[in-house]
DNA sequence: GCCAACGTTGGC
DNA sequence: GCCAACGTTGGC
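In my numbering, the protein residues as written are 5 to 167.
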């Protein structure tokens, strides 16, 4: 039974970790750590699969929007920062035997030739169903439908390989 | 920098 | 197990 390709959107504040930081990472790959929201955790731990497409979204920028395309290269694994007492994301209630927080590894595939801002997304009625534009939506890791994935790629002038 | 929306914590 | 207080997110 072939698995259906899934798509996601991951938010990051560029001051903390930008698209360029991802591109500059060894192998253009990074472990997505520091997520401390249970729903986002469940998504990364249980749902995101190797090869899934990821929109890399810059939040708290002027303007916020989708900057590039990435892919999941390693599925959910315990986030090491939860065990590090000195780390910002330390969680005293987590232990290696009983991890609480998970992350995935993603790899940059390519930048979108044209940035797709939040305003652009809100302005396209084909994208009304995206969690991103729902009121009060704050999830840093969220699903993207097949239709929405293709629409945003088109808006961004994506000429890269199909994911 | 403001603040609405939302999630989590902890006293009871 | 309720819910007020608190902390965080993220657009504006």
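Glycine included, every Cβ here is placed at the ideal spot set by N, Cα and C.
Note that the structure is a prediction, hence the values are computed from the model and not measured.
Looking only at its chain, what residues have a beta carbon closer than 7 angstroms to the beta carbon of residue i, apart from the 5 residues adjacent to it on each side?
i           : result
residue 86  : 93, 94, 95, 98, 103, 104, 105
residue 3   : Because the chain in this structure spans residues 5 to 167, residue 3 falls outside the shown range and cannot be described.
residue 47  : 145
residue 108 : 36, 48, 52, 76, 78, 79, 80
residue 88  : 94
Under 9 angstroms between the Cβ atoms of residue i and residue j?
i           : j           : result
residue 55  : residue 118 : no
residue 156 : residue 59  : yes
residue 111 : residue 31  : yes
residue 121 : residue 57  : no
residue 63  : residue 17  : yes
Determine the closest residue to residue i out of the options, with distance taken between C-alpha atoms.
i           : options           : result
residue 61  : 130, 155, 115     : 115
residue 15  : 26, 7, 8          : 26
residue 66  : 130, 91, 143, 19  : 19
residue 113 : 100, 28, 143      : 28
residue 45  : 166, 82, 129, 127 : 82
Based on DSSP bridge pairs, tell me the residues matched to residue i.
i           : result
residue 115 : 72
residue 66  : None; residue 66 has no bridge partner.
residue 135 : DSSP output for residue 135 lists no bridge partner at all.
Using a Cβ-Cβ cut-off of 6 angstroms (strictly less than) and excluding sequence neighbours within five positions of residue i, which residues of its own chain qualify?
i           : result
residue 23  : 60, 71, 72
residue 141 : 135
Can you give me the Cβ contacts of residue i inside the same chain, cut-off strictly under 8 angstroms, excluding the 5 residues immediately before and after it?
i          : result
residue 10 : 51, 52, 53, 56, 57, 147
Check whether the segment 40-53 touches the segment 65-75, taking contact to mean three or more Cβ pairs, one atom from each stretch, closer than 8 angstroms.
no
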